[in-house]
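Worksheet for the structure shown next.
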Amino acid sequence: MGTTIRCDLAIVGGGLAGGLIALAVKARAPSCDVRIVEGGTTLGGEHVWSFFGSDVAQAHRGLVQDMVVHGWRGYDVVFPNLTRDVDATYYSITSERFDAVLRAKLPPQAIMTGRRVLALSATAVVLGDGDRIEAGGVIDCRGPGDLDTLELGWQKFVGHELALPTAHGIERPRVMDATVAQIDGYRFVYCLPFAPDRMFVEDTYYSDTPGLDVPAIRARIADYAQARGWAGAQVVRREAGSLPITLGGNFDAYWRSTGKGIAKAGMRAGLFQPATGYSLPDAVRFAIALADSGDWSGASLATFAYDHAREHWRRGAFYRMLNTMMFRAGDPAERWRIIERFYRLDPALITRFYAGRSSIGDKARIVTGKPPVPSAIVIGSGFGGLALAIRLQSAGVATTIVEARDRPGGRAYYWEKDGFTFDAGPTVITDPACLQELWALTGADMARDVTLEPVTPFYRLNWPDGTNFDYTNDEAALQREIGKLDPADIAGYHRFLEYAEGVYREGYEKLGHVAFLDFASMVKAAPALAKYQAWRSVYSIVSKFVKNEKLREALSFHTLLVGGNPMTTSAIYALIHKLERDGGVWFARGGTNRLVAGMVAHFERIGGTLRLGDPVTAIETLGDRVTGVTTQSGWTMQADAVAANSDIMHTYRDLLKTSRSGQRTKAALEKKRYSPSLFVVHFGIKGAWPGIPHHMILFGPRYKGLLEDIYDHGVLAQDFSLYLHHPTVTDPSLAPEGHSTFYALAPVPHMGKFPVDWNEIGPILEKRILDEVGRRLIPDIHDRIVTKFSYAPSDFAADLNAHLGSAFSLEPILTQSAYFRVHNRDDHIPNLYFVGAGTHPGAGIPGVVGSAKATAALMLSGR
Ligand SMILES: Cc1cc2nc3c(=O)[nH]c(=O)nc-3n(C[C@H](O)[C@H](O)[C@H](O)COP(=O)(O)OP(=O)(O)OC[C@H]3O[C@@H](n4cnc5c(N)ncnc54)[C@H](O)[C@@H]3O)c2cc1C
1 MGTTIRCDLA IVGGGLAGGL IALAVKARAP SCDVRIVEGG TTLGGEHVWS FFGSDVAQAH
61 RGLVQDMVVH GWRGYDVVFP NLTRDVDATY YSITSERFDA VLRAKLPPQA IMTGRRVLAL
121 SATAVVLGDG DRIEAGGVID CRGPGDLDTL ELGWQKFVGH ELALPTAHGI ERPRVMDATV
181 AQIDGYRFVY CLPFAPDRMF VEDTYYSDTP GLDVPAIRAR IADYAQARGW AGAQVVRREA
241 GSLPITLGGN FDAYWRSTGK GIAKAGMRAG LFQPATGYSL PDAVRFAIAL ADSGDWSGAS
301 LATFAYDHAR EHWRRGAFYR MLNTMMFRAG DPAERWRIIE RFYRLDPALI TRFYAGRSSI
361 GDKARIVTGK PPVPSAIVIG SGFGGLALAI RLQSAGVATT IVEARDRPGG RAYYWEKDGF
421 TFDAGPTVIT DPACLQELWA LTGADMARDV TLEPVTPFYR LNWPDGTNFD YTNDEAALQR
481 EIGKLDPADI AGYHRFLEYA EGVYREGYEK LGHVAFLDFA SMVKAAPALA KYQAWRSVYS
541 IVSKFVKNEK LREALSFHTL LVGGNPMTTS AIYALIHKLE RDGGVWFARG GTNRLVAGMV
601 AHFERIGGTL RLGDPVTAIE TLGDRVTGVT TQSGWTMQAD AVAANSDIMH TYRDLLKTSR
661 SGQRTKAALE KKRYSPSLFV VHFGIKGAWP GIPHHMILFG PRYKGLLEDI YDHGVLAQDF
721 SLYLHHPTVT DPSLAPEGHS TFYALAPVPH MGKFPVDWNE IGPILEKRIL DEVGRRLIPD
781 IHDRIVTKFS YAPSDFAADL NAHLGSAFSL EPILTQSAYF RVHNRDDHIP NLYFVGAGTH
841 PGAGIPGVVG SAKATAALML SGR
């Protein structure tokens with residue numbers, strides 16, 4: 001039977017982050033019983049950590065000053081076309097000294113090396129030798145979490161400390177020598193003169209992969225030393241490593257990958273400088289902040305660590321954007337040019353950059369030095385167009401949006417009638433992080449412009465027999481709902497959830513915002529698609545896991561929200577389930593139109609221009625390039641690049657009339673399958689309806705048969721399924737007092753399959769839909785109506801130039817996804833780009849905002 005050790009704070013993992021926390025807390029509260037539990041025999045492993053003097057605030061220096069083994073005034077960098085001496089202090093700490101300082105400053109019982117940890121919770125640690133620690137709080141500092149949740153590049157290195165037979169005569173570090181052969185990405189050699197006859201030489205790579213060919217790199221270090229005249233050197237110490245460089249990803253998924261509700265620090269909390277991978281400055285900042293917080297008990301510790309790490313991630317957006325520009329740049333062997341350009345900037349700016357504290361002016365300077373595309377026009381202000389325009393403008397590209405309609409938003413247009421506000425389209429907001437990122441790119445906060453309110457339940461599903469199913473991410477409540485349908489399906493539901501998590505990781509986190517320009521990119525994705533049986537439909541996968549028909553409908557209907565038939569849409573779309581579960585379902589206060597207005601306000605604040613009410617009539621071309629646009633009013637504008645958020649068929653057919661390749665693409669697009677259209681009845685009524693949740697699905701008597709009628713037969717069936725939107729239950733400001741706003745939406749075939757006069761058929765369908773809502777929810781609906789109007793497929797075609805009046809562009813079937821969808825850049829016109837529902841990954845707000853990220857990465861990297 002092991003011993004139970006009691007203490008105030010248990011730090012699991014004795015690396016840099018854990019060690020500094022121990023020292024900072026002890027310094028703040030000497031009586032605090034702190035333990036560091038470490039599997040190895042020493043603290044800090046085998047490392048040299050270096051930092052610029054300005055990375056660590058003066059007030060925090062005390063924490064690390066005893067650990068510094070070397071300090072220099074000034075360093076240099078050398079590139080093929082630039083040599084620069086930078087006047088700044090630079091310091092190094094070795095793990096030996098780190099270990100020694102911790103042992104000197106902490107009581108012996110505080111250091112528990114050689115102890116393997118089996119498991120931990122917010123207040124307990126179970127050790128491999130049978131002992132157990134019970135602590136006021138536990139903080140996990142055991143290295144990285146699941147890096148698969150992040151989009152990464154790598155900074156990898158092999159370092160040798162060389163003992164030289166004679167003095168090398170060098171006094172200052174060479175932080176980058178990029179005159180070496182460029183191999184495996186951006187390669188440079190880093191040299192620290194530790195003593196007159198000691199030189200630390202590190203061969204470093206900004207690479208797409210973490211793997212190290214150590215023997216080859218050792219040989220290169222030897223060649224480099226030889227070339228610098230350091231012959232006869234003995235290697236007295238070695239280190240190697242691969243540090244993640246973040247390009248993007250899902251912070252919350254990363255955090256959760258090592259357990260919810262547990263405090264974390266260091267790499268495990270994602271606390272490293274996103275551009276350089278340097279961890280010391282963040283480790284110091286976190287240790288001091290944690291010590292200052294004064295509350296190290298389990299739950300508070302976890303909240304504190306999460307909040308700190310989340311904020312760090314938010315602030316990192318700008319650096320991740322730069323990383324994306326660098327790592328996605330066409331030829332990895334050319335990456336050095338970006339760094340060389342950076343080192344031409346003001347040294348003070350460089351210093352702030354390394355400290356992760358770039359000012360707005362710095363950011364503008366870094367990206368505007370010479371962006372690959374100095375100016376751009378975005379045609380259309382749907383969510384995709386707005387997101388792209390914000391990304392471009394944030395990166396210093398002078399961006400103009402040209403929108404045909406009198407208001408921005410595209411499918412997220414809105415009307416005000418008789419005191420009611422009616423949002424035209426999207427109402428279910430998922431993955432708020434993908435939107436917040438658009439503000440964070442320039443260090444701004446979305447909360448300044450938009451307030452998102454959580455919606456619970458996510459949806460109420462209702463069947464004609466009166467069955468209700470409330471769909472939420474409250475695990476216990478959801479299990480109860482499933483139990484009401486069929487308790488035997490609870491286990492299957494959990495297996496489905498695991499499946500959804502897997503496809504979410506592969507399909508959304510990794511591939512949801514990268515462009516598929518060539519078939520090779522598709523081949524790369526193939527193993528993941530095969531693993532998750534992407535050729536099967538969502539309904540077929542759901543049916544594999546659960547038996548109850550209503551539950552099958554409840555778990556598969558989501559694809560309809562992006563225009564897909566659950567019977568034929570790839571099972572990859574099961575990821576929507578996970579997206580909602582993790583990110584929740586939200587509503588923008590004042591309606592989705594306020595989210596659009598917030599995006600526009602932010603875009604204009606950072607210098608972008610929005611031109612409304614003037615449709616583009618032609619994209620001008622010269623040779624194989626676009627030169628600008630002409631609008632209906634005769635206005636013209638030139639730009640270095642044009643990105644079309646407008647309907648893909650309209651863009652190729654009508655705006656690129658004179659381009660031969662454009663007309664060939666148009667012909668190919670004619671053969672594709674398009675998503676159905678929608679018939680939407682908007683109505684404002686007397687009375688408040690607290691019993692009707694914000695989102696309801698009113699299933700009809702048929703599921704599969706109805707879907708076949710809509711998608712294949714092109715029939716307007718007698719029965720229908722409805723989505724009912726009731727925003728005033730969340731935000732009463734959308735209607736006059738004592739009134740409610742609704743819309744009821746029915747998927748209907750697009751105009752290619754069902755070519756009717758909607759002026760004739762619309763009023764009939766409108767009445768049937770209102771009758772159905774009356775029958776199921778609001779008995780005297782017709783008497784209560786104050787205002788109403790409908791939006792038909794012909795309106796989608798007329799207002800949005802939507803091909804065949806489709807509500808969601810190309811149907812999201814496997815053969816029209818990723819590489820097989822419209823590419824984010826035209827195959828023949830290198831400065832013509834696409835963004836929005838017709839491109840990868842597809843419709844829906846997270847989809848089109850993801851497409852903006854993919855397109856921006858292409859445009860900004862000049863790839
Ligand atoms: C009724 C409805 C409900 C929906 N509900 C949801 C939901 O709840 N959640 C969700 O995530 N998604 C939902 N969606 C899907 C989502 O709204 C769309 O996929 C997304 O908004 C499309 O964005 P986009 O970037 O492709 O641009 P669009 O919104 O299609 O905008 C394209 C813009 O281009 C402009 N344009 C076209 N031609 C020209 C031209 N020649 N010159 C200048 N401008 C031009 C148009 O006017 C338009 O503003 C819904 C869609 C609809 C229709």
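Going by the UniProt record's numbering, 558 is the number at position 558 of the sequence shown; the sequence numbering is gapless. Beta carbons are placed, not taken as given, at the ideal position from N, Cα and C, and that holds for glycine.
Thinking just about the alpha-carbon of each residue, which of the options is nearest to the one in residue i?
i	options	result
T89	D647, R357, G53	G53
P332	W154, D282, F422	W154
K788	F742, S809, A807, R768	F742
G45	F51, R238, A348	R238
P749	H739, L832, S809	S809
T209	D223, Y186, C191, P196	Y186
E737	D712, V715, P193, G687	G687
H840	P165, L345, A818, P846	A818
residue 877	D295, E549, G143, R103	Any property of residue 877 remains undetermined from this structure, which presents the chain solely from 1 to 863.
K704	A122, A167, S540, T258	S540
D131	D140, T123, S121, V117	V117
L724	H694, T559, M859, E708	H694
L322	L82, E311, D362, G294	D362
G838	E604, I648, V236	I648
A59	I769, P281, G483, E506	P281
V626	D826, G850, F353	D826
G836	G844, G607, V848, E403	V848
D757	R337, L716, L734, T276	L716
A668	F820, R365, F458, T83	F820
N250	G507, L734, G564	G507
L441	A355, T324, P457, V402	T324
Skipping 5 residues on each side, what residues in its chain have a beta carbon closer than 7 Å to that of residue i?
i	result
E437	A317
K653	Note that residue 653 is Arg in the sequence shown, not Lys. Taken in chain order, the residues that qualify are K666.
residue 864	Here the chain covers residues 1 to 863 and nothing more, so residue 864 does not appear.
W439	D445, M446, H602
R581	N473
L20	L63, A283, V284, A287
V69	S92, I93, T94, R97
Only counting the same chain, and skipping five residues up and downstream in sequence, which positions put a Cβ closer than 6 Å to that of residue i?
i	result
S50	S92
G774	I781
R495	F545
D449	G598, A601, H602
R174	D76, C191
D203	V158, V189, I217, R220, I221
G128	R116, L118
G248	E151, R320
T451	R589
R536	A571
Report the CB separation of residue i from residue j in whole angstroms; it is logged as a contact under 8 Å.
i	j	result
V78	M199	Not quite, the Cβ-Cβ distance comes to about 15 Å (not below 8 Å), so this is no contact.
M751	R460	M751 to R460, Cβ: 32 Å. No contact.
A574	Y499	6 Å
P347	V86	5 Å
I288	A24	5 Å
residue 873	F699	Since the first residue shown for the chain is 1 and the last is 863, residue 873 is missing from the structure and cannot be characterised.
V562	V428	11 Å between Cβ atoms; not a contact.
H739	W689	With a Cβ gap of about 10 Å, H739 and W689 do not count as contacting.
M859	A641	6 Å
Tell me which residues share the same chain as residue i and place their Cβ nearer than 8 Å to its Cβ, disregarding the 5 neighbours each side in the sequence.
i	result
R673	L810, E811, I813, Q816
**Message:** Counting beta carbon pairs with one atom in the segment 227-245 and one in the segment 119-139, are three or more of them shorter than 8 Å?
**Reply:** no
**Message:** Tell me whether the segment 35-51 and the segment 5-20 touch, counting them as touching only if at least three CB pairs, one residue from each stretch, are closer than 8 Å.
**Reply:** yes
**Prompt:** Is the segment 391-404 close to the segment 837-857, with three or more CB pairs under 8 Å?
**Reply:** yes
**Message:** For the pair the segment 610-619 and the segment 629-640, tell me if three or more CB-CB distances fall below 8 Å.
**Reply:** Contact between the segment 610-619 and the segment 629-640 is present, because at least three Cβ pairs lie under 8 Å.
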